[in-house]
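Participant:
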Amino acid sequence: MYNVANSVDTYRSQLNDDTESSTMDISVCQNFDSQYIDKANSDLNCERAIKYLSYLKSFEDLNYRDQGFRYLCYWIYSDVLKEKKSFENTLNLYKEFHRKYEEFDGYKFDEYLNQFSTYMLENLIKLTDLYKMFNAFKSNGGNSCTNHGQVQQCSEKYIIYEKILTNLSKYKLYNKFNEEHGDTLQYSNYCNDMEYLERWYTDILEVCYMFAKNLIYLHEILKEEEDNDERCRYFNFWITDHVKKKLKTEWNDHRYITSILSGFYGVENLIRASTHNNNCHFDYKS
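Start counting at 1 in the sequence shown, then tack on 23, and there's your number in our numbering.
(1) Give the C-beta separation of ILE244 and ASN237 to the nearest angstrom, bearing in mind that I take them to be a contact with Cβ-Cβ under 8 Å.
(2) Quick one: is LEU85 buried, meaning 16 or more other Cβ sit within 10 Å of its Cβ, or exposed?
(3) For a quick check, are the C-beta atoms of ALA72 and PHE132 less than 8 Å apart?
(4) Could you spell out the range, first to last residue, of the alpha helix (DSSP H) harbouring MET217?
(5) Judging by CA-CA distance, which residue of GLU126, CYS96, LEU220 is the nearest neighbour of SER50?
(6) Could you spell out the range, first to last residue, of the alpha helix (DSSP H) harbouring GLN90?
(7) With 16 as the cutoff for other CB atoms within 10 Å, does THR281 come out buried or exposed?
(8) Here's the rule I'm using: 16 or more other beta-carbon atoms within 10 Å means buried, otherwise exposed. How should GLU273 be labelled?
(9) Are the beta-carbon atoms belonging to LEU95 and TYR75 less than 8 Å from one another?
(10) Do the CB positions of ASP66 and PHE55 come within less than 8 Å of each other?
(11) Would you mind working out which of GLU145, ASN201, CYS255, LYS108 sits nearest HIS304, comparing C-alpha positions?
(12) Less than 8 Å separating the beta-carbons of TYR59 and LYS107?
(13) Hey, would you say TYR130 sits closer than 8 Å to LYS80, going by beta carbons?
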């Protein structure tokens with residue numbers, strides 16, 4: 024679910040490719056009629072779905088294919104249904120496109136017709152929307168929400184994400200970041216510049232040691248996750264969540280939040296300078 028949410032642009036460009044080089048003779052889509060989409064674009068959306076399914080069929084990588092089918096559901100919901108948007112309609116139209124593809128190619132993706140539920144689809148859509156929102160904020164030149172409207176939206180989306188996260192099977196991976204850091208001396212050099220913050224946040228060094236430990240040993244901590252970007256994403260959601268909870272419960276003085284974040288960026292720079300195989304950037308989502 025994480026992979027498809029973060030690969031929106033890749034799958035979207037394939038689905039919306041209407042260039043001449045991508046054209047196919049798809050007669051099964053002529054006069055395509057569905058109660059879920061407006062007639063003006065029904066043939067075009069059917070053709071896009073057929074071309075996209077042909078594209079996915081060409082991949083032997085079943086994981087890539089699996090994520091691609093999940094994105095097809097997201098595309099139907101966000102781009103095709105419009106005023107008839109609902110999870111039930113999404114799944115029904117998804118099945119209609121599959122039936123059209125079977126008519127077109129004679130091939131049936133049985134395994135992908137039974138794996139979706141409205142609950143899973145709802146989480147997928149919320150998570151994908153969250154990634155799109157964060158990426159949009161970053162593309163505007165910052166790592167955080169920058170005005171009141173964005174802060175409110177970011178906060179609401181984060182709460183939704185947190186609820187989804189706790190229900191995912193991979194939550195146990197995320198939870199590994201909260202394990203004890205062990206030998207303090209191993210990480211103290213990275214955190215020296217944050218000592219002055221103990222005046223306002225008594226356990227700031229403990230948090231810093233955990234931050235350093237998790238960043239240094241990220242590959243080992245999340246060895247079950249093979250994708251480096253996914254590991255990094257887990258790490259950044261963990262530190263964001265951890266700091267937010269501290270701010271709500273223990274760190275009552277919010278005047279030095281910028282100093283805390285600057286300190287973490289400094290720790291990251293020190294780790295990157297001394298650890299050649301670390302390629303994860305600290306990215307706090309405020």
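In this text, a Cβ means the ideal position worked out from N, Cα and C, and glycines have one as well.
Facilitator: According to the structure data:
(1) Confirmed, about 6 Å.
(2) Residue environment: LEU85 is assigned as exposed (fewer than 16 neighbouring CB atoms within 10 Å of its CB, all protein chains considered).
(3) No, the pair does not count as a contact, with Cβ atoms beyond the cut-off.
(4) Note, MET217: premise wrong, no alpha helix (DSSP H); not H, not E.
(5) Ranking GLU126, CYS96, LEU220 by Cα distance to SER50 puts GLU126 first.
(6) Boundaries of the alpha helix (DSSP H) harbouring GLN90: 85-98, taken from the DSSP string.
(7) THR281 counts as exposed, since fewer than 16 other C-beta atoms from the protein chains shown sit within 10 angstroms of its C-beta.
(8) It is exposed - the Cβ of GLU273 has fewer than 16 other Cβ atoms within 10 Å.
(9) The answer is yes: Cβ separation under 8 Å.
(10) Yes, Cβ-Cβ distance for ASP66 and PHE55 is below 8 Å.
(11) With distances taken between Cα atoms, HIS304 lies closest to CYS255.
(12) Yes, the Cβ-Cβ distance between TYR59 and LYS107 is below 8 Å.
(13) Contact flag set, yes.
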